[in-house]
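Those sequence lines, one after another, are chains A and B. Start counting the first sequence at 731; every next residue gets the next number (my numbering). Start counting the second sequence at 16; every next residue gets the next number (my numbering). Written out below as structure tokens is the structure these notes cover.
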Amino acid sequence: NAGVTQTPKFRILKIGQSMTLQCAQDMNHNYMYWYRQDPGMGLKLIYYSVGAGITDKGEVPNGYNVSRSTTEDFPLRLELAAPSQTSVYFCASSRGWGNTIYFGEGSWLTVV
Amino acid sequence: GNSVTQMEGPVTLSEEAFLTINCTYTATGYPSLFWYVQYPGEGLQLLLKATKADDKGSNKGFEATYRKETTSFHLEKGSVQVSDSAVYFCALSEDGYNKLIFGAGTRLAVHP
């Protein structure tokens with residue numbers, strides 16, 4: 731019953747450092763997403779992918795990069811971390827259009 | 016652009032009280048509408064959805080009806096329980112990629 735698995739769950743970064751948030755799903759879903767959730771706000775889409783080798787920007791892509799080399803994995807890369815990237819990050823996946831979207835448990839990131 | 020507006024929280028109720036959380040949307044086409052629930056420390060879970068006008072989504076005693084004439088999708092439950100305490104998000108999806116646009120979320124606290 732793994733579903734969508736995110737690592738790490740918590741991380742503190744210093745300004746200017748880089749890191750990768752890992753996301754893996756074991757449901758053979760084609761669509762995967764990264765969202766961020768700021769305090770008191772709804773989730774905003776960072777990047778999404780509709781299949782291996784295909785990625786596209788969402789609403790708030792600046793400061794992030796993604797890759798999708800396999801169906802299962804969709805890592806999110808933060809380059810030159812900034813305090814504005816302090817947030818909770820959620821990875822999600824779905825089989826395709828009209829299908830239920832499943833979310834991971836979230837990764838809490840603080841940039842100091 | 017598309018957007019979702021939901022009532023601000025927190026909403027505090029006694030057990031067995033009636034719940035309404037208002038949600039209105041702006042969309043250029045014919046979106047699908049969703050309610051997601053986030054329990055403390057967890058990721059989002061789909062609570063219910065509706066894909067066309069006048070559809071009623073329901074799950075776990077919660078209901079919401081897709082009202083195109085008022086562009087609304089209000090969440091209701093006749094008798095809340097302490098276990099319903101969570102943050103509730105209204106969301107819409109309008110494209111073929113299942114990309115979600117979220118409201119800011121409404122925190123519900125139910126007391127015995």
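In this text, a Cβ means the ideal position worked out from N, Cα and C, and glycines have one as well.
Query                                                                                                                                                                                                 : Result
Please state the DSSP three-state secondary structure of A/D803.                                                                                                                                      : strand
Identify whether B/D70 lies in helix, strand or coil by the three-state DSSP scheme.                                                                                                                  : coil
Starting from the C-beta of B/K31, find all residues in its chain whose C-beta is less than 6 angstroms away, skip the five residues before and the five after it, and write them out in chain order. : Correcting the residue type first, residue 31 of chain B is Glu in the shown sequence and not Lys. Within the same chain, B/E31 has close Cβ partners S94.
Just to confirm before moving on: does the CB-CB distance between A/Y819 and B/Y112 stay below 8 angstroms?                                                                                           : no
If I follow the unbroken beta strand (DSSP E) through B/T80, where does it start and stop?                                                                                                            : 77-80
Report the option in A/L839, A/S799, A/G733, A/T816 whose CA atom is closest to the CA atom of A/V780.                                                                                                : A/S799
Is there at least one Cβ from chain A nearer than 8 angstroms to B/Y112's Cβ?                                                                                                                         : yes
Would you tell me roughly how many angstroms separate the C-alpha atoms of B/T20 and B/S87, rounded to the nearest one?                                                                               : 9 angstroms
Could you tell me the distance, in whole angstroms, from the CA atom of B/F77 to the CA atom of A/I745?                                                                                               : 44 angstroms
Of the choices B/K75, B/C105, B/D110, whose alpha-carbon is the least far from that of B/L59?                                                                                                         : B/C105
Within 10 angstroms of its Cβ, does A/I784 collect 16 or more other Cβ (buried), or is it exposed?                                                                                                    : exposed
Since A/T830 meets chain B, which of its residues come closer than 7 angstroms, beta carbon to beta carbon?                                                                                           : L61
According to DSSP, is B/V95 helix, strand or coil?                                                                                                                                                    : coil
Helix, strand or coil for A/S797? Go by DSSP, reduced to three states.                                                                                                                                : coil
Which residues in the same chain as B/P25 place their Cβ atom closer than 6 angstroms to its Cβ, once the five residues preceding and following it in sequence are excluded?                          : R122, A124
Considering only the beta carbon of each residue, do A/L775 and A/Y794 sit closer than 8 angstroms?                                                                                                   : no
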